[in-house]
Amino acid sequence: MVEFNGVGLRYGPDAEVLSDISFNLQPGSFYFLTGPSGAGKTSLLKMLYLAQRPSRGIVRLFGEDLVSMPRHRLPGFRRRIGVVFQDFRLIPHLSARDNIALPLRIAGVSEEDLAGPVGEMLSWIGLDERAHAFPPTLSGGEQQRVAIARAVIARPQLLVADEPTGNVDPDMAMRLLGLFEALNRLGTTVVVATHDIHLISRIENAQMMRLEKGRLSDPTGALRYPPNRS
Amino acid sequence: MIIPRVPAQHRRLLPDRRLSGPTPWVIAILMLLTLLSAAAGIGLARSANAIGDAIAGRVTVQIVTANPVTRAEQAIALRRTAAAQPFVRTARAVEQAELRATLDQWFGSAEGDDPVLNSLPLPALVDIDFVGEDRAGHMTQLRALVAREAPGARIIPHAEWLGPVARLIRSLAWVAGALVILMTLASAAVVIMTARAALGTHYTTIEMLHMIGATDQQITRLFQRRIAIDTAYGIALGSVVAALILLLIGWQWSGVTSGLAETASLGPAGWALLLALPLLAIALAALTARQTLLAALQKIL
Numbered sequence: 001m002v003e004f005n006g007v008g009l010r011y012g013p014d015a016e017v018l019s020d021i022s023f024n025l026q027p028g029s030f031y032f033l034t035g036p037s038g039a040g041k042t043s044l045l046k047m048l049y050l051a052q053r054p055s056r057g058i059v060r061l062f063g064e065d066l067v068s069m070p071r072h073r074l075p076g077f078r079r080r081i082g083v084v085f086q087d088f089r090l091i092p093h094l095s096a097r098d099n100i101a102l103p104l105r106i107a108g109v110s111e112e113d114l115a116g117p118v119g120e121m122l123s124w125i126g127l128d129e130r131a132h133a134f135p136p137t138l139s140g141g142e143q144q145r146v147a148i149a150r151a152v153i154a155r156p157q158l159l160v161a162d163e164p165t166g167n168v169d170p171d172m173a174m175r176l177l178g179l180f181e182a183l184n185r186l187g188t189t190v191v192v193a194t195h196d197i198h199l200i201s202r203i204e205n206a207q208m209m210r211l212e213k214g215r216l217s218d219p220t221g222a223l224r225y226p227p228n229r230s
Numbered sequence: 231m232i233i234p235r236v237p238a239q240h241r242r243l244l245p246d247r248r249l250s251g252p253t254p255w256v257i258a259i260l261m262l263l264t265l266l267s268a269a270a271g272i273g274l275a276r277s278a279n280a281i282g283d284a285i286a287g288r289v290t291v292q293i294v295t296a297n298p299v300t301r302a303e304q305a306i307a308l309r310r311t312a313a314a315q316p317f318v319r320t321a322r323a324v325e326q327a328e329l330r331a332t333l334d335q336w337f338g339s340a341e342g343d344d345p346v347l348n349s350l351p352l353p354a355l356v357d358i359d360f361v362g363e364d365r366a367g368h369m370t371q372l373r374a375l376v377a378r379e380a381p382g383a384r385i386i387p388h389a390e391w392l393g394p395v396a397r398l399i400r401s402l403a404w405v406a407g408a409l410v411i412l413m414t415l416a417s418a419a420v421v422i423m424t425a426r427a428a429l430g431t432h433y434t435t436i437e438m439l440h441m442i443g444a445t446d447q448q449i450t451r452l453f454q455r456r457i458a459i460d461t462a463y464g465i466a467l468g469s470v471v472a473a474l475i476l477l478l479i480g481w482q483w484s485g486v487t488s489g490l491a492e493t494a495s496l497g498p499a500g501w502a503l504l505l506a507l508p509l510l511a512i513a514l515a516a517l518t519a520r521q522t523l524l525a526a527l528q529k530i531l
């Protein structure tokens with residue numbers, strides 16, 4: 001599904017923030033991306049959700065080369081990726097319902113057709129009664145759930161989450177992780193960047209990628225020898 | 231489409247703060263000045279054309295013979311002979327009363343009873359309009375005719391003394407036209423700055439929309455619609471005020487019936503152009519906004 005081969009990334013003339021990154025993400029797998037602050041986790045995620053092109057190397061997503069892909073083709077690929085940002089990035093003047101419905105509206109789904117999925121998603125995250133509340137009136141946990149619902153409403157093939165539990169209490173963190181696990185069971189490949197080592201142990205069969213000083217280590221060996229999921 | 235159609239649910243992506251910024255008001259002022267400059271330019275250009283047409287083929291023969299009886303006889307003979315020539319369209323002897331009425335304004339006596347004016351030996355004048363464009367040939371023929379019928383008379387081509395006035399008016403018309411162009415460019419610059427400011431203000435939303443798969447066209451339509459509507463409000467306001475000012479000037483102008491003032495009017499084509507300007511301005515604003523937004527979005531991955 002995702003292949004990085006010898007990927008490097010630098011911003012401007014500075015030294016590379018990521019060097020020689022190579023891995024292969026299998027469809028339907030669950031990955032944790034860990035590492036100290038400044039290791040390059042967010043930069044790696046940016047390349048995964050197509051906000052950044054690499055400075056060198058090969059990146060293939062859904063079987064296509066993204067390095068040379070013309071810009072106008074990127075939106076079609078982005079619609080197959082769900083992103084949960086560390087800072088939520090909800091649109092403050094849109095209600096929770098409208099924030100969740102956004103990816104479907106952008107994809108051209110009619111109001112009649114999106115009403116059902118959005119309602120189901122609101123129930124799934126337990127925010128039925130706060131559907132018309134605006135983000136500034138929601139708690140951190142509620143905002144995080146809305147951000148997750150927005151990321152998964154269009155049933156993405158790849159879900160990328162950057163510190164999704166960084167702003168919530170441990171109980172809420174476990175609930176959110178449960179949402180990711182449920183989505184993963186439905187076939188979505190999940191990549192979660194986190195500092196929280198306890199979180200990692202809660203997902204069975206999850207694989208770990210560790211970044212240190214811009215280089216990737218592979219403690220489970222799963223990236224070099226992906227499990228046979230057949 | 232000048233104002234693109236955007237579904238109501240998508241419009242909510244931008245907070246509803248219509249007419250809150252300076253753009254509509256700046257555009258209104260620029261539109262007002264553009265329309266007034268355009269009206270002035272059209273009026274002046276028509277005036278210059280009218281004067282040019284009037285003076286291009288006209289001369290006045292000034293007969294200054296000392297004996298008033300001989301002077302009058304020469305004027306009558308010259309008018310009659312000139313009128314019979316194939317190169318002359320019209321020949322008219324200017325009445326002495328007409329001359330005195332003109333001079334009255336300078337002597338300050340409306341009654342025509344100024345003793346100094348009455349004692350002046352006024353020349354006899356014959357206005358002649360040529361046929362066709364061969365001015366030099368016509369002048370040669372007229373000189374021969376004048377030498378025969380009124381020896382010593384002076385021939386004064388109108389183009390010699392009204393030409394500089396016509397050129398001045400034409401220059402002013404060009405200045406007005408240049409002002410229209412400059413204000414159009416200023417309006418476009420305002421729209422560009424507005425579009426860039428909007429992108430800066432809503433950068434987080436735009437980035438978010440990109441990340442969930444929105445195309446540049448979808449995002450551009452959103453902003454283009456907002457900017458086009460805001461500028462349309464400004465253009466409408468500026469146009470209404472300009473129309474009121476032009477109607478007021480037109481009403482006052484209608485009371486002016488002398489000299490060059492009579493030649494200055496907008497005419498149907500001029501009014502049509504003035505009516506078209508606001509629509510063209512809205513189209514220009516929308517197009518400028520679209521191109522600015524697309525160019526700016528291209529810089530974001």
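Taken in order, these protein sequences are the chains called C and Y. Be aware that the first sequence starts at 1, since it is given in the working numbering, and climbs by one per residue. Be aware that the second sequence starts at 231, since it is given in the working numbering, and climbs by one per residue. Note that CB positions come from ideal geometry on N, CA and C, so glycine has one too.
Could you tell me whether any Cβ in chain C is nearer than 9 Å to the Cβ of Thr203/Y?
-> Past the edges of chain Y, shown from 231 to 531, lies residue 203/Y, and the structure says nothing about it.
Would you say Ser230/C faces chain Y, with C-beta separation under 9 Å as the test?
-> Because Ser230/C carries a pLDDT of 44, less than 50, the predicted location of this residue cannot be relied on, and no value is offered for it.
Given a limit of 9 Å on CB to CB distance, which residues of the region 98-117 of chain C reach chain Y?
-> Asp98, Ala101, Leu102, Pro103, Arg105, Ile106, Ala107, Glu111
Residue(s) in a DSSP beta bridge with Leu527/Y | Partner(s): none; Leu527/Y has no beta bridge.
Assuming Val420/Y contacts Thr253/Y under a Cβ cut-off of 8 Å, what Cβ separation, rounded to an integer in Å, is found between them?
-> 6 Å
Look at Gln86/C and Glu142/C and say whether their C-beta atoms are less than 9 Å apart.
-> no
Quick one: using the 10 Å Cβ neighbour count with 16 as the cut-off for buried, is Asn99/C buried or exposed?
-> buried
Using a cut-off of 8 Å between C-beta atoms, extract the partners of Thr435/Y located in chain C.
-> Ile91
Give the single residue among Gly443/Y, Arg451/Y, Leu352/Y, His432/Y whose Cα lies nearest to the Cα of Thr518/Y.
-> Arg451/Y
Nearest residue (CA-CA) to Ile281/Y, options Gly500/Y, Ala389/Y, Leu507/Y = Ala389/Y
Can you grab the Cα-Cα spacing for the pair Glu120/C / His432/Y, in whole Å?
-> 30 Å
Buried or exposed for Leu122/C, please, with buried defined as at least 16 other CB atoms from any protein chain shown within 10 angstroms of its CB.
-> buried
Same chain, Cβ closer than 8 Å to Val7/C, neighbours up to 5 away in sequence not counted = Leu18, Asp20, Ile21, Ser22, Met47, Pro54, Arg56, Gly57, Ile58, Val59
Could you list which residues in chain Y have their beta carbon closer than 8 Å to that of Leu94/C, in chain order?
-> Arg242, Leu243
Could you spell out where the alpha helix (DSSP H) holding Ala462/Y opens and where it closes?
-> 446-483
Cutoff 9 Å: Thr445/Y Cβ touching any chain C Cβ = yes
Closer than 7 Å at the beta carbon, the chain Y residues around Tyr49/C = Met441
Looking at Val84/C and Leu159/C, is the spacing between their C-beta atoms short of 9 Å?
-> yes
Answer yes if the region 307-322 of chain Y comes into contact with the region 347-367 of chain Y, meaning at least three C-beta pairs across the two stretches below 8 Å, and no otherwise.
-> yes
What residues from chain C crowd round Gln454/Y, counting only those whose CB sits closer than 9 Å?
-> What Gln454/Y touches in chain C: nothing, since even the nearest Cβ is about 17 Å away.
Return no unless some Cβ of chain C is closer than 9 Å to the Cβ of Gln482/Y.
-> no
Beta carbon proximity, Leu74/C to chain Y, threshold 9 Å | yes
Neighbouring residues, chain C, relative to Gln521/Y (Cβ below 8 Å) = Correct list: empty, because the minimum Cβ distance to chain C is about 17 Å.
Along chain C, which residues have their Cβ under 9 Å away from the Cβ of Met261/Y?
-> The premise fails here: Met261/Y is roughly 30 Å from chain C at the closest Cβ pair, so nothing lies under 9 Å.
Use the C-beta contact count for Ala411/Y: other C-beta atoms within 10 angstroms, 16 or more gives buried, fewer gives exposed.
-> Here residue 411/Y is Ile; the residue named in the question, Ala, does not match the sequence. Classification of Ile411/Y: exposed, given that the 10 Å Cβ count is below 16.
Three-state secondary structure assigned by DSSP to Glu363/Y | coil
Alpha carbon to alpha carbon, what distance is there between Ala96/C and Glu129/C?
-> 10 Å
Straight-line gap, Arg276/Y to Pro234/Y (C-alpha atoms, nearest Å) | 38 Å
Within its chain, find whatever has a CB closer than 8 Å to the CB of Gly12/C; leave out the 5 residues flanking it on each side and keep chain order.
-> none
Check whether the Cβ of Pro498/Y lies closer than 9 Å to any Cβ atom in chain C.
-> no
Where the alpha helix (DSSP H) containing Asp113/C begins and where it ends = 111-124
At 4 residues or longer, and completely inside the region 148-223 of chain C: list those alpha helix (DSSP H) runs for me, N to C.
-> 170-185, 197-201
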